[in-house]
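In our numbering, the protein residues as written are 245 to 739. We treat Cβ as the ideally placed atom computed from N, Cα and C, and that holds for glycine.
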């Protein structure tokens, strides 16, 4: 729920899939891996920093072994509370290692199914339209570029997506940096146009950098450059290990959880060695490999269990957790509905702090769908009502209402019913609960997807906010264009 003083989270954490003893066992296995097998670190400065802080470094093989006392000393330096600022303070998210739950929008699809039903490459206009659409969703707390436009240069594309997210909404948003310090510098420059100065951005950073670690057990130079740059500039980082159970980690849930844990904790420790107090979020978009298709089965029950367990591991270390996946279905159909519902309900009940890619994606993030955005918002609302549970206060039980109504009466117009009408009941936006005849007469027999399509068209026609004035928007676009070209040149130079 969004208020003038920030986003009010859903209170999750009702379900724990790991016992205390299992958490200890998984921690012990993590330590065994880090002490005896180590992490490959492909960055010379990082090797020196880690060696200087008590790690055992093989410079030839670039393998770092991290003793448990060193690991925990530096993990404990990471902030347990992080403010993810909105450009508008009503979207401020107070992130911590409790079971509070927030929602992030969908991510980076290369294709869309448009409102005409066409499957095609995503475009810059899709990004603008989908961002406007998501801007109206009450269950989305943090934004993400839902598509990666295919009609713009792909080298340095993240500079363009950053500019579009900056111009078209005011929530905190996820940003890709591009594997180098220069990328973050350009993003700070663009953000400063909106905020007034780079220093103001650093005081209230309204974007978070997504940094991805390679599984198994590898931190490459691009990841580390991004990690250091974020720490130096007080930009929060999602320190993300995207493991594939059966592919880049053992096939078991427990083995995958341990690999993610080793990757993320060692990276957060490095971040603290380089920049003590650097804001880091323990993150993962992992899942299990489908052995029939050899694709990631992002919404498989095993993938959901990975995130439920990973949230407990992150909280064990006093760190907030971001994670989740998207439906594997290719259409907004029954499969997409049950996959989304079971996955987000499991994540929320486990206390996943940021349910990532929760809106608009299909085909394991490869595809975006306009109608799915509204359907997912509906599913989230229903799931969160279930997570909220049962109010058993005396006021809610309503003994006095029984006195008022008496025997053989009805409660429809009872004061107690009126008082609790909005408190107790979740109000759907798309769900139809009418009779067959009423449904036919009101909607012409439209199913949920068709009803969502009508609503999407209405939103795109009427919701045209201006969050950045024209002069500033032109300046941001100018910086983004130059940044994209420079990032492309850097990539060619380094390839």
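Secondary structure of residue i, DSSP reduced to three states
{"i": "residue 277", "result": "helix"}
{"i": "residue 577", "result": "coil"}
{"i": "residue 614", "result": "helix"}
{"i": "residue 319", "result": "helix"}
{"i": "residue 567", "result": "strand"}
{"i": "residue 507", "result": "helix"}
{"i": "residue 451", "result": "strand"}
{"i": "residue 398", "result": "coil"}
{"i": "residue 305", "result": "coil"}
{"i": "residue 484", "result": "strand"}
{"i": "residue 475", "result": "helix"}
{"i": "residue 538", "result": "coil"}
{"i": "residue 735", "result": "helix"}
{"i": "residue 712", "result": "coil"}
{"i": "residue 324", "result": "coil"}
{"i": "residue 260", "result": "coil"}
{"i": "residue 331", "result": "coil"}
{"i": "residue 661", "result": "helix"}
{"i": "residue 533", "result": "strand"}
{"i": "residue 344", "result": "strand"}
{"i": "residue 525", "result": "strand"}
{"i": "residue 602", "result": "coil"}
{"i": "residue 701", "result": "helix"}
Cβ-based burial, residue i [other Cβ within 10 Å; buried from 16]
{"i": "residue 415", "result": "buried"}
{"i": "residue 642", "result": "buried"}
{"i": "residue 636", "result": "exposed"}
{"i": "residue 597", "result": "buried"}
{"i": "residue 634", "result": "exposed"}
{"i": "residue 268", "result": "exposed"}
{"i": "residue 404", "result": "buried"}
{"i": "residue 333", "result": "exposed"}
{"i": "residue 667", "result": "exposed"}
{"i": "residue 654", "result": "exposed"}
{"i": "residue 702", "result": "exposed"}
{"i": "residue 650", "result": "exposed"}
{"i": "residue 669", "result": "exposed"}
{"i": "residue 402", "result": "buried"}
{"i": "residue 483", "result": "buried"}
{"i": "residue 469", "result": "buried"}
{"i": "residue 697", "result": "buried"}
{"i": "residue 278", "result": "buried"}
{"i": "residue 259", "result": "exposed"}
C-beta contact flag for residue i and residue j at 8 Å
{"i": "residue 658", "j": "residue 640", "result": "no"}
{"i": "residue 719", "j": "residue 437", "result": "yes"}
{"i": "residue 548", "j": "residue 606", "result": "no"}
{"i": "residue 336", "j": "residue 251", "result": "yes"}
{"i": "residue 326", "j": "residue 520", "result": "no"}
{"i": "residue 727", "j": "residue 400", "result": "yes"}
{"i": "residue 480", "j": "residue 452", "result": "yes"}
{"i": "residue 351", "j": "residue 609", "result": "yes"}
{"i": "residue 384", "j": "residue 406", "result": "no"}
{"i": "residue 695", "j": "residue 706", "result": "no"}
{"i": "residue 584", "j": "residue 534", "result": "no"}
{"i": "residue 532", "j": "residue 581", "result": "no"}
{"i": "residue 568", "j": "residue 601", "result": "yes"}
{"i": "residue 611", "j": "residue 353", "result": "yes"}
{"i": "residue 664", "j": "residue 517", "result": "no"}
{"i": "residue 461", "j": "residue 503", "result": "yes"}
{"i": "residue 264", "j": "residue 343", "result": "no"}
{"i": "residue 345", "j": "residue 599", "result": "yes"}
{"i": "residue 381", "j": "residue 603", "result": "yes"}
{"i": "residue 450", "j": "residue 330", "result": "yes"}
{"i": "residue 408", "j": "residue 375", "result": "yes"}
{"i": "residue 418", "j": "residue 316", "result": "no"}
{"i": "residue 522", "j": "residue 515", "result": "yes"}
{"i": "residue 591", "j": "residue 551", "result": "yes"}
{"i": "residue 562", "j": "residue 341", "result": "yes"}
The ligand ATP heavy atom lying under 7 Å from the CB of residue i
{"i": "residue 708", "result": "Questions concerning the ligand ATP fall outside what the structure shown contains, since it holds no ligand whatsoever."}
Worksheet item: Three or more beta-carbon pairs under 8 Å between the region 289 to 305 and the region 488 to 503, yes or no?
Response: no
Worksheet item: Touching or not, the region 464 to 481 and the region 419 to 438, by the rule of three or more beta carbon pairs under 8 Å?
Response: As far as the Cβ criterion goes, the region 464 to 481 touches the region 419 to 438, which means the pair count is three or higher.
Worksheet item: Can you list, in chain order, the stretches of the alpha helix (DSSP H) that have 4 or more residues and sit fully within the region 673 to 697?
Response: 680 to 687
Discussion item. As an exercise, report each continuous alpha helix (DSSP H) stretch of at least 4 residues that is fully enclosed by the region 604 to 653, in chain order.
Written reply: For the region 604 to 653, whole alpha helix (DSSP H) runs of length 4 or above, ordered along the chain, are 614 to 632, 638 to 641, 643 to 649.
Worksheet item: Quick check: the region 558 to 566 against the region 520 to 534, are there 3 or more CB pairs under 8 Å?
Response: yes
Practice prompt. Assess, as a yes-or-no matter, whether the region 506 to 519 is touched by the region 272 to 285 under the definition of 3 or more beta carbon pairs within less than 8 Å.
Written response: yes
Worksheet item: At which residue ranges does the region 365 to 432 contain complete alpha helix (DSSP H) runs of 4 or more residues, listed in the order of the chain?
Response: 368 to 378, 401 to 412
Item to complete: Determine, using beta-carbon pairs with one atom in the region 308 to 317 and one in the region 378 to 390, whether at least three such pairs fall under 8 Å.
Response: no
Discussion item. I'd like to know if the region 607 to 622 and the region 354 to 366 are in contact, where contact means that at least 3 CB-CB pairs between them fall below 8 Å.
Written reply: yes
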